[in-house]
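*Asks:*
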Amino acid sequence: MARLALQIALASAVYGFSVGSLHSFRLGTWNLLKFPLLIFLTSLICAIAYYVSSQFITKELPFREVVRLALSTFRDVAVLLASLGPVCFFLARTVVQPDERGLNEYPFFLGLNVFFIALSGTAALVRQTLGLLRKRHLTLRRSALIVLAWLALSLFAGGQCAWVLRPFYGPATIKDIPFMEGSNPDYRGARSFYEAVYHLFDPPPLPKGYYRRGRTGERSAVPDVLPARATPAPASSSAVGLCPTAFAAPHAALTPRHGAPPR
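As C-alpha cells, this is what we get:
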C-alpha cells in the first residue's frame with residue numbers, strides 16, 4: 003500500500019500544480035500539498051463508507067480488500083488526471099480571465115476540469131469495482147447496486163472534502179487568495195457543496211459588486227444585487243458544472259483588469 007500512496011501523491015501533485023497555475027505559481031505550489039491531501043482524505047472516507055455500504059448488500063467483501071480497492075481507485079484517478087496535466091496547464095495560462103464585465107472563459111476552464119475529474123473518477127471506480135466483484139463471483143444485481151452506491155458515496159465525500167479545502171484554482175484577478183476557505187460561503191452565499199449544487203439549478207441574484215469582494219468575510223460597499231438578466235449567461239453557468247461548488251475561489255476580490263475605477 004505504500005507504493006499506492008506514493009503514486010497517488012506524485013500524480014495528484016502534478017495535476018494540482020497544473021490547475022493551480024490558473025491563478026499563479028504560488029497557488030500551484032500550494033496544490034502540491036493540497037490536492038494529494040484531498041485525494042488521501044477522500045479515499046480514507048470512501049474506504050470506510052464503501053465497506054459499510056457493501057455490508058447491506060453482501061458479506062463477501064472483507065475490509066482489507068475494500069481499503070485496497072479504494073486506494074487503487076484513487077491511484078487510477080490521480081494518474082488519469084496527471085496525464086491531462088499538460089492540457090490543463092496550457093489552458094490555465096491561456097484562458098481569458100474574469101473581469102468586471104463577466105467571467106469570460108473562466109467557467110469553461112472550471113467545467114472542463116469538472117468533466118475530467120468526473121470521467122476519471124467514474125472510469126477508475128467502475129474498473130476497480132468490477133474486477134473485485136468478478137473475483138468474488140457476485141451476481142449482476144448485487145454488483146450493480148454496489149457500483150452505484152460507491153459512485154454516489156464518492157461524489158458526496160469528494161465534493162464536500164474539496165469544498166472545505168478549496169480553492170484549488172481561481173482567476174488571476176483574485177488578490178490575497180486564501181490557502182483554504184473552509185466553511186466560508188462562496189460568492190452566492192452557499193456554505194456547503196450540496197447547497198452550492200442547488201444554486202446551480204436555482205441561482206440567487208449575484209451581488210452587484212461581487213467581482214470586487216475582499217478576502218473571505220468582506221463584502222463590496224455596493225449592497226445592491228444584480229437583476230436576474232444581469233447574471234452570467236446560462237451557458238456559462240451550465241459549463242461550470244460542479245466546479246464553483248467545490249474547487250474555485252470566486253468569493254475573493256476580483257481586481258478590474260481594464261482600469262475601471264472603484265465605486
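Residue numbering for the sequence shown follows our numbering, beginning at 3 and increasing consecutively.
Just so you know, even glycine gets a beta-carbon here, dropped at the ideal spot from N, CA and C.
In the DSSP assignment, find the alpha helix (DSSP H) that holds residue 170 and state where it starts and stops.
*Replies:* Neither: residue 170 is in no alpha helix (DSSP H) and is coded neither H nor E.
*Asks:* According to DSSP, simplified to helix, strand and coil, what is residue 119?
*Replies:* helix
*Asks:* Would you grab the beta carbon distance between residue 69 and residue 49 for me? Rounded to a whole angstrom, and I think it's under 8 Å.
*Replies:* 5 Å
*Asks:* State buried or exposed for residue 188, treating a residue as buried only when at least 16 other CB atoms are found within 10 Å of its CB.
*Replies:* buried
*Asks:* Does the stretch 10-18 come close enough to the stretch 26-34 that 3 or more CB-CB pairs lie under 8 Å?
*Replies:* yes
*Asks:* Would you identify the three-state DSSP class for residue 184, choosing helix, strand or coil?
*Replies:* coil
*Asks:* Could you please give me the residues that DSSP links to residue 101 through a beta bridge?
*Replies:* Beta-bridge analysis with DSSP links residue 101 to 104.
*Asks:* CB residue 100 to CB residue 173, shorter than 8 Å?
*Replies:* yes
*Asks:* Considering residue 78, what are the terminal residues of the alpha helix (DSSP H) in which it resides?
*Replies:* 65-85
*Asks:* What span of residues does the alpha helix (DSSP H) with residue 61 cover, start to end?
*Replies:* No alpha helix (DSSP H) contains residue 61, which DSSP labels as neither H nor E.
*Asks:* Look up residue 191 in the DSSP assignment and say whether it is helix, strand or coil.
*Replies:* coil
*Asks:* Shortest alpha-carbon distance to residue 71 belongs to which of 200, 183, 129?
*Replies:* 129
*Asks:* Taking Cβ to Cβ, would you say residue 74 is nearer than 8 Å to residue 148?
*Replies:* no
*Asks:* Roughly how many angstroms separate the alpha carbons of residue 106 and residue 97, rounded to a whole number?
*Replies:* 8 Å
*Asks:* So, with DSSP's three-state summary, where would you put residue 25?
*Replies:* coil
*Asks:* Counting only the same chain and skipping the five closest in sequence on each side, list residues whose C-beta sits under 8 Å from that of residue 2.
*Replies:* Lying before the first or after the last residue shown, residue 2 is absent from the chain, which here runs from 3 to 265.
*Asks:* Helix or strand or just coil, what does DSSP make of residue 139?
*Replies:* coil
*Asks:* Out of curiosity, what's the CA-to-CA distance linking residue 84 and residue 170?
*Replies:* Those two C-alpha atoms are separated by around 15 Å.
*Asks:* Excluding sequence positions up to five away, which residues of its chain have a Cβ less than 7 Å from the Cβ of residue 26?
*Replies:* 174
*Asks:* What do you reckon, are the CB atoms on residue 131 and residue 152 nearer than 8 Å?
*Replies:* Against a cut-off of 8 Å, the Cβ pair of residue 152 and residue 131 comes out as a contact.
*Asks:* So, are the CB atoms of residue 62 and residue 140 less than 8 Å apart?
*Replies:* yes
*Asks:* Beta carbon of residue 91, beta carbon of residue 194: below 8 Å?
*Replies:* no
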